[in-house]
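Taking it in order: structure first as structure tokens, then the write-up.
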Amino acid sequence: MRIPALPKSTKRSLIKSDPVLYSAMVAVWLSFAVFIFLPLLSLLWTTFFVNGTFSFANIKKVWSAKYNVRALYGSLILATAVSVSGTLLGYIFALAVTRTTLPKPLKVLLGAVTILPLISPPFTSSISLTLALGPNGMLLKALGIKNFSIYGFIGIWISETLTYFPVAFMVISAILNTMAATLDDAALSLGASRWRMLRTVTIPLSLPGIGNSILLLFGASLADFATPLILGGHTFPVLPTEAYLLITGMFDLKGGAALSFLLLVPALVVFFLQRQLLGTKSFVSVTGKNGARTEFAQLPKTLVVAISAICTIMVVFIIYLYAIILWGSFVKVWSVNNTFTFEHYRYVFKHGRKAIGDTLLIAFLSTVIGSVLAVVIGYITQRKTFIGKRFMEFSSMLNYALPGTVVGIAYIIGFNRKPILLTGTLTILVAAYVFRYYATGIRSVVASLEQIDPALEEASLSLGAGTLRTFTHVTIPLIIPAVFAGMRYLFIHCMTAISATIFLVSVRWTLLTTRILESMTELQFSQASAFSIVLIVIVFAADAIMHRALGMITANFHRPQEASYEIIGA
Amino acid sequence: MKSSALELKQVSKTFTKDGQTVNAVQSVDLTVEQGELVTFLGPSGCGKTTTLRMVAGFELPTAGEITIQGKDMTNMPVNKRGIGFVFQNYALFPHMSVYGNVAYGLKARGERTRDIGEKVRSALKLVGLANTENRYPNQLSGGEQQRVALARVIVMEPNLLLMDEPLSNLDAKLRLHMRTEIRALQKKLGITCLYVTHDQSEALTMADRIVVMNKGRVEQVGTPFEIYSNPQSVFVADFIGQANIVELQIVLAEQETLTAQIPGGGTFKARALRPDHHVQGSELYRTGQSAALVIRPENILVQDPSSEDGTFPAHVRSSIYVGSHVEYELVLANGTAIKAMVPFSRGMHIYEQQEQVSLLFDATATAFLPL
Ligand SMILES: Nc1ncnc2c1ncn2[C@@H]1O[C@H](COP(=O)(O)OP(=O)(O)OP(=O)(O)O)[C@@H](O)[C@H]1O
Ligand SMILES: [Mg+2]
């Protein structure tokens with residue numbers, strides 16, 4: 001007789017049941033330990049431990065310097081101002097695109113103009129503002145304004161608003177687009193005027209978007225390093241630049257660490273508030289929804305006129321700012337000697353060749369490694385259940401949520417001694433980019449996996465394919481568009497971002513963006529312009545190539561119509 | 571000794587989600603022989619899918635043992651079990667052509683390209699889809715997608731074919747058609763098949779045997795005939811077909827027969843089901859307690875009121891003439907509602923609302939079940 005099967009534990013070790021997953025998880029945790037936890041803990045250690053004992057001495061010391069306190073307030077005031085003005089401007093643009101009957105080409109132009117600041121290096125608007133409104137500024141001369149200084153709060157504020165309002169525009173237009181047009185009709189049919197409809201329907205329903213935009217812009221401005229460095233001068237200190245100057249100018253690591261801790265606190269608050277906000281409503285469906293649908297009601301006439309006027313002025317201004325850089329790159333000495341010359345480009349391709357090569361290599365490596373990591377992390381956190389999953393999700397976003405300056409300082413502190421001595425290497429630069437900007441990749445992979453029925457993967461397994469084959473033959477082909485979306489974003493950031501990596505460049509490895517910064521601080525505006533133009537062209541070209549590549553890859557399996565991912569599994 | 575195609579021994583599955591535990595499947599025992607088609611039938615959430623997914627290996631049992639052709643499969647990864655699974659939504663790979671879909675498993679198995687081509691074509695022919703090889707899933711109708719899903723699985727010649735409500739996304743007419751087609755194919759290939767459905771008629775017409783599940787447990791396993799005519803519990807009687815359940819008080823419990831009190835009338839004698847539990851000495855039926863009398867609507871005669879022993883006094887709530895039958899809704903003296911379906915013949919009297927009648931239950935088609 002057989003003994004009836006006793007309840008038999010079916011717990012097995014992960015190593016045996018799914019060795020691939022096991023190795024992936026070990027690799028992910030190891031990489032987190034080295035590139036996320038080690039630097040951050042080193043930063044905290046340096047801030048709070050003096051000779052091995054816990055102490056607030058470092059914080060007290062930076063706090064007692066009046067200049068640093070001013071920098072903290074400066075940062076907060078600036079972030080508040082930018083988040084308000086940027087969100088307002090973004091809302092106006094979003095209304096123009098989603099709620100007016102402006103001619104189609106004009107709307108396309110509006111969209112295009114908002115893309116420019118997103119993919120330009122962070123200095124672009126600062127440089128062009130300097131050219132226009134700085135010493136010998138073109139616009140100042142043209143308008144006959146004297147005694148105006150772009151350096152200080154005003155300059156940073158304008159520049160950051162220009163740089164970040166597109167983020168607000170994207171977030172808000174997404175939510176305005178997904179609103180049901182029938183609500184407008186309902187309000188109007190109930191006798192509401194167009195103003196009243198706007199006030200009682202449109203704006204209240206877009207509040208989550210407004211809230212998210214304010215938080216995003218607050219965080220971005222708080223972390224922005226490039227703009228205040230160029231436009232802040234000594235009149236308007238902010239935390240990221242102060243930390244940078246302390247470290248690179250005075251080699252005061254402890255002071256820098258303490259300052260960046262002051263910056264870390266509000267940044268984390270914003271991060272948590274944003275998670276809270278997004279957790280309750282998943283409205284950020286950044287799908288470019290357009291096409292046939294019921295029309296939204298028209299806005300009040302006067303408002304349409306005002307919106308059109310503001311948008312026109314902004315579009316002209318932004319185009320002017322980019323044109324001015326292009327022009328600036330071709331003149332001998334800006335505003336002094338306006339003869340046409342290729343001199344600056346010659347300089348860029350001669351003395352900047354190393355920077356160009358380094359930047360491309362670093363961006364390429366970071367994009368490839370970052371995308372692979374994003375796919376692995378996105379896949380295991382979306383598809384698998386395991387202990388510590390939440391923590392993995394959270395950790396993966398940490399370097400992204402923190403201001404770049406904080407991450408940069410954490411990296412130099414964490415990697416400037418044994419056992420992991422990486423300062424001055426290619427590895428540290430690539431790691432800084434990868435663990436900061438793969439976040440978007442992870443998100444798009446997760447979002448894409450959520451759309452894909454797990455039954456497809458189960459079907460593959462049940463047909464005898466192993467985990468790895470299923471992953472490469474079924475999962476990857478289905479999420480490849482999302483992977484590419486993440487890659488494009490990653491590449492753009494690796495080419496343009498500077499706040500973290502400014503601390504990590506060396507004689508051996510340098511970046512285009514740092515060359516731009518050097519040119520600016522040496523007041524070589526034309527040279528800086530030429531560098532910027534080259535950078536923008538490279539970014540555009542690379543982006544176009546990636547777009548093409550995606551088209552070619554997916555052409556084979558979305559036939560004949562684009563297979564929409566909603567019908568997957570059907 | 572030849573081993574069974576599939577054996578489940580005390581298989582249980584408990585899910586834990588957000589601190590709550592759900593006993594989705596509890597101590598299921600089942601043996602399936604080679605070439606059988608066994609359907610799983612039961613209300614939503616009773617654990618049919620979970621059981622099937624454990625057999626497939628998508629879920630691991632919390633306890634118990636699963637063997638396929640005598641080999642212990644409890645912890646075997648899905649891809650090593652040699653099973654085929656047909657999903658409710660077909661789960662065709664949208665990025666592969668019909669050919670790619672059907673060839674997928676053969677390629678994974680590392681077969682030669684020439685063999686693959688041959689096998690794929692013959693499988694597609696078998697399901698009536700020759701010449702669709704180069705189409706993509708989104709270019710096929712629902713019924714065609716269903717066939718591709720079937721071809722993709724049978725081309726692998728699995729030990730065991732598992733289907734989870736494979737027809738539920740098709741329209742009613744196609745469903746009837748596919749039902750017979752799947753059954754014919756399964757017989758022709760001699761594949762052992764587990765088939766989940768909550769469509770009774772599907773289960774009754776297709777199955778060699780039916781497993782009726784309720785709340786994670788197996789209520790009864792048997793041929794369609796056994797399940798229908800010899801339900802072993804009130805749940806099965808109620809769930810399969812239409813049945814009237816009348817609660818009666820037992821006045822005499824004898825060997826395999828019970829006599830019970832008719833509300834407002836005499837007594838009624840019928841057989842007691844569950845021969846595995848003898849009446850005497852068992853806890854199932856005891857004098858003075860209640861038992862459930864199960865009677866199907868077609869086994870009731872409606873007559874003029876009489877005081878004959880064994881008849882049930884009742885009044886008519888409604889009567890509908892539907893051509894070949896008269897459908898009655900009746901109410902017993904204790905308030906129990908009864909449905910009766912009486913074959914209509916010429917000159918027959920149709921009782922009107924509120925008329926008093928007397929019901930005669932066909933004792934051979936009636937049985938007591940423990941409550
Ligand atoms: N992954 C899971 N996590 C938690 N609970 C689950 C999971 N899968 C199933 N359950 C629960 O287990 C029970 C049985 O589910 P199952 O899907 O097996 O039912 P079913 O009989 O197939 O129902 P239906 O006819 O609706 O398909 C349900 O209560 C269900 O909520
Ligand atoms: Mg189910």
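So the protein lines, in turn, are chains A and B.
Numbering (the numbering used here) for the first sequence: 1 to 570.
Numbering (the numbering used here) for the second sequence: 571 to 941.
Heads up, the beta-carbon is just placed ideally off N, CA and C, and yes, glycines get one too.
Taking residue i as part of the alpha helix (DSSP H), name the residues at either end of that continuous run.
{"i": "Q715(B)", "result": "712-724"}
{"i": "S396(A)", "result": "389-401"}
{"i": "D808(B)", "result": "804-809"}
{"i": "M197(A)", "result": "194-197"}
{"i": "A626(B)", "result": "618-626"}
{"i": "L239(A)", "result": "239-244"}
{"i": "A937(B)", "result": "Note, A937(B): premise wrong, no alpha helix (DSSP H); beta strand (DSSP E) at 937-939."}
List, in chain order, every chain A residue whose beta-carbon is nearer than 8 Å to that of residue i.
{"i": "Y674(B)", "result": "S460, L463, A465, H473"}
{"i": "M726(B)", "result": "L463, G464"}
Give me the DSSP bridge partner(s) of residue i.
{"i": "A528(A)", "result": "BP columns for A528(A) are empty, so no partner."}
{"i": "I538(A)", "result": "Beta-bridge pairing links I538(A) to no other residue."}
{"i": "V598(B)", "result": "V581(B)"}
{"i": "F340(A)", "result": "V331(A)"}
{"i": "Q873(B)", "result": "S928(B)"}
{"i": "S860(B)", "result": "Q819(B)"}
{"i": "R679(B)", "result": "None; R679(B) has no bridge partner."}
{"i": "R275(A)", "result": "Looking at the DSSP assignment, R275(A) forms no beta bridge with any residue, so it has no partner."}
{"i": "P913(B)", "result": "H895(B)"}
{"i": "D642(B)", "result": "T637(B)"}
{"i": "L607(B)", "result": "C763(B)"}
{"i": "Q831(B)", "result": "Q819(B), T837(B)"}
{"i": "K587(B)", "result": "Q590(B)"}
Taking residue i as part of the beta strand (DSSP E), name the residues at either end of that continuous run.
{"i": "P883(B)", "result": "881-891"}
{"i": "I36(A)", "result": "Neither: I36(A) is in no beta strand (DSSP E) and is coded neither H nor E."}
{"i": "C763(B)", "result": "762-767"}
{"i": "H895(B)", "result": "895-902"}
{"i": "R841(B)", "result": "837-842"}
{"i": "R779(B)", "result": "779-784"}
{"i": "L731(B)", "result": "730-734"}
{"i": "E789(B)", "result": "787-792"}
{"i": "I653(B)", "result": "653-656"}
Name the chain B residues that come within less than 7 Å of residue i, Cβ to Cβ?
{"i": "L550(A)", "result": "Those within 7 Å of L550(A) in chain B number zero; the least Cβ separation is about 14 Å."}
{"i": "A455(A)", "result": "F657, N659, A661"}
{"i": "R383(A)", "result": "Residues of chain B passing the Cβ test: none, with the nearest at roughly 13 Å."}
Taking all protein chains shown into account, decide if residue i is buried (16 or more other Cβ within 10 angstroms of its Cβ) or exposed.
{"i": "I890(B)", "result": "exposed"}
{"i": "W195(A)", "result": "exposed"}
{"i": "A292(A)", "result": "Unreliable placement is indicated for A292(A), whose pLDDT of 38 sits below 50; no coordinate value is reported for it."}
{"i": "P204(A)", "result": "exposed"}
{"i": "L622(B)", "result": "buried"}
{"i": "R887(B)", "result": "exposed"}
{"i": "K579(B)", "result": "buried"}
{"i": "V108(A)", "result": "exposed"}
{"i": "A626(B)", "result": "buried"}
{"i": "L449(A)", "result": "buried"}
{"i": "G219(A)", "result": "buried"}
{"i": "E735(B)", "result": "buried"}
{"i": "S803(B)", "result": "buried"}
Along chain B, which residues have their Cβ under 9 Å away from the Cβ of residue i?
{"i": "L478(A)", "result": "F663, P664, H665"}
Which residues in chain A sit within 9 Å of residue i, going by Cβ to Cβ distance?
{"i": "I653(B)", "result": "S462"}
{"i": "R749(B)", "result": "Within chain A, no residue comes near R749(B); the closest Cβ sits about 21 Å away, beyond 9 Å."}
{"i": "R948(B)", "result": "It is not possible to answer for residue 948(B), since the shown part of chain B is limited to 571 through 941."}
{"i": "N649(B)", "result": "S460, L461, S462, L463, G464, A465, G466, T467, R469, T470"}
Can you pull the chain B neighbours of residue i, defined as C-beta to C-beta under 8 Å?
{"i": "R469(A)", "result": "A678"}
For residue i, return the contacting residues in chain C, with the cut-off set at a CB-CB distance below 7 Å.
{"i": "F628(B)", "result": "No chain C is part of this structure, whose protein chains are labelled A and B."}
Contained beta strand (DSSP E) runs [length at least 3] in the stretch 124-211 of chain A, N- to C-terminal order: Runs found: none.
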